[in-house]
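Report on one structure; see the data block that follows.
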Amino acid sequence: MLYCMASSPGQVFSKAQLYEAAWGEEYLHGTNSVENTIWRLRRKLEEDPRHPTYIKTVVGMGYKIDIDGEEQEIKNGI
């Protein structure tokens, strides 16, 4: 999943796309595999996983990676 998102920074990937990229099979609705994997990645990569800088949730669409997130926060004075 990380490789998939990092290969196209800023692009939003649906849960189905990420599931298929990681496991090579069709996404089964009702599974939390994608959410669990995203949470584990955030715990490893983010300074504060509850307020992610890099792996962003796009509500109603999916997830994206924002490799410029830290730079943007500096510009915004956060």
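Numbering that gives the first Met the number 0 puts the first residue of the sequence shown at 0, with every later residue one more than the last. For each residue, glycine too, the CB sits at the ideal point set by N, CA and C.
Exercise. Taking C-alpha atoms, which residue in 60, 1, 55, 66 lies nearest to residue 22?
Worked result: 1
Exercise. Are there 16 or more other CB atoms within 10 angstroms of the CB of residue 33, so buried, or fewer, so exposed?
Worked result: buried
Problem set entry | Residue nearest to residue 16 in terms of C-alpha spacing, selected from 9, 25, 42 | Nearest Cα to residue 16 within the set 9, 25, 42: 25.
Exercise. How would you call residue 30, buried or exposed, if buried means at least 16 neighbouring beta carbons within 10 angstroms?
Worked result: exposed
For this session: List the endpoints of the continuous beta strand (DSSP E) containing residue 66.
Result: Where residue 66 is concerned, there is no enclosing beta strand (DSSP E), given that its DSSP letter is neither H nor E.
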